[in-house]
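In our numbering, the protein residues as written are 18 to 273. Note sheet for the following structure.
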């Protein structure tokens, strides 16, 4: 409590004037901000704890969207008119490169392993989503797929993350094509007993006589009777992931 007396030039003294000064209680004024911009992205600077706000660009909201690195500041005023300030230093970083190569770009049930590579950068981590529920890490990976006739392709997604937490992704598709064996042994041993089940296929003999046509798979018979061991010719069609029809032809040797 402060008091004041006034004295005139003639020596008269005024009444005492009292003034009570109180200290503003501590109040929290904090920032809630991500001060990193990755690539062409933007970030949100935010403050809380005040009843009014003023940013250095004139904005009066409690948050500010910025897309340019640099210094930023905001002042906040509480219910008693007291003011505090916060400063932000926003840094910008380029996105880490995520473009990769993969070989081969087509697989089948026998040739089902692919190799993925990317030109590695220091401080960048690489995570591969192989599209089959499995994951790989590193700048160079090998992955084997368990294929089936019902799956036409797999999408590989690579995520690159740098030391600042900036991320970028890229993806490629791996087509699944049918594997056509050149030897066929329908001897009821449970191994290779049916030729190309699930695909539209026509089987003809050396004379061009049609032995089988359908998509249930050829069991090595003609009208219920086993055919002789020999070389037979097939015409096969299948639809890829882009709904494009492909045709293949060749020969298969039947052995018993």
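For each residue, glycine too, the CB sits at the ideal point set by N, CA and C.
Which residues in the same chain have their Cβ closer than 6 Å to the Cβ of residue i, if we skip the five residues on either side of it in sequence?
{"i": "residue 265", "result": "253"}
{"i": "residue 227", "result": "221"}
{"i": "residue 178", "result": "142, 184"}
{"i": "residue 230", "result": "219"}
{"i": "residue 37", "result": "18"}
{"i": "residue 214", "result": "234"}
For residue i, which of the options has the nearest alpha-carbon?
{"i": "residue 89", "options": "51, 179, 183, 162", "result": "51"}
{"i": "residue 20", "options": "144, 28, 32, 26", "result": "32"}
{"i": "residue 234", "options": "245, 247, 251, 246", "result": "251"}
{"i": "residue 269", "options": "242, 218, 262, 104", "result": "218"}
{"i": "residue 174", "options": "167, 184, 166", "result": "184"}
{"i": "residue 98", "options": "206, 66, 230, 25", "result": "66"}
{"i": "residue 170", "options": "69, 259, 24", "result": "259"}
{"i": "residue 115", "options": "176, 49, 247, 40", "result": "176"}
{"i": "residue 48", "options": "42, 37, 64, 57", "result": "64"}
{"i": "residue 127", "options": "113, 105, 166, 104", "result": "166"}
{"i": "residue 57", "options": "214, 104, 76, 85", "result": "85"}
{"i": "residue 139", "options": "191, 113, 150", "result": "113"}
Is it buried or exposed for residue i, if we count other Cβ within 10 angstroms and need 16 for buried?
{"i": "residue 164", "result": "buried"}
{"i": "residue 18", "result": "exposed"}
{"i": "residue 172", "result": "exposed"}
{"i": "residue 111", "result": "exposed"}
{"i": "residue 147", "result": "buried"}
{"i": "residue 203", "result": "buried"}
{"i": "residue 161", "result": "exposed"}
{"i": "residue 35", "result": "exposed"}
{"i": "residue 121", "result": "exposed"}
{"i": "residue 198", "result": "exposed"}
{"i": "residue 29", "result": "exposed"}
{"i": "residue 133", "result": "buried"}
{"i": "residue 246", "result": "exposed"}
{"i": "residue 75", "result": "exposed"}
{"i": "residue 225", "result": "exposed"}
{"i": "residue 8", "result": "Since the displayed the chain opens at 18 and closes at 273, residue 8 lies outside it and no answer follows."}
Quick one, are the C-beta atoms of residue i and residue j less than 7 Å apart?
{"i": "residue 195", "j": "residue 212", "result": "no"}
{"i": "residue 145", "j": "residue 131", "result": "no"}
{"i": "residue 78", "j": "residue 44", "result": "no"}
{"i": "residue 124", "j": "residue 193", "result": "yes"}
{"i": "residue 283", "j": "residue 189", "result": "Since the first residue shown for the chain is 18 and the last is 273, residue 283 is missing from the structure and cannot be characterised."}
{"i": "residue 102", "j": "residue 92", "result": "yes"}
{"i": "residue 153", "j": "residue 137", "result": "no"}
{"i": "residue 181", "j": "residue 53", "result": "yes"}
Going by beta carbon distance, what residues of the same chain come within less than 7 Å of residue i, once the five residues before and after it are set aside?
{"i": "residue 83", "result": "59, 60, 62, 89, 107"}
{"i": "residue 87", "result": "107"}
Taking DSSP's pairing of strands, which residues face residue i in a bridge?
{"i": "residue 48", "result": "64"}
{"i": "residue 40", "result": "Residue 40 pairs with nothing; no bridge assigned."}
{"i": "residue 217", "result": "254"}
{"i": "residue 197", "result": "Partner(s): none; residue 197 has no beta bridge."}
{"i": "residue 160", "result": "131"}
Whose C-beta lies closer than 8 Å to the C-beta of residue i among residues of the same chain, with five residues either side of it excluded?
{"i": "residue 262", "result": "254, 255, 256"}
{"i": "residue 248", "result": "223, 268, 269, 270, 271"}
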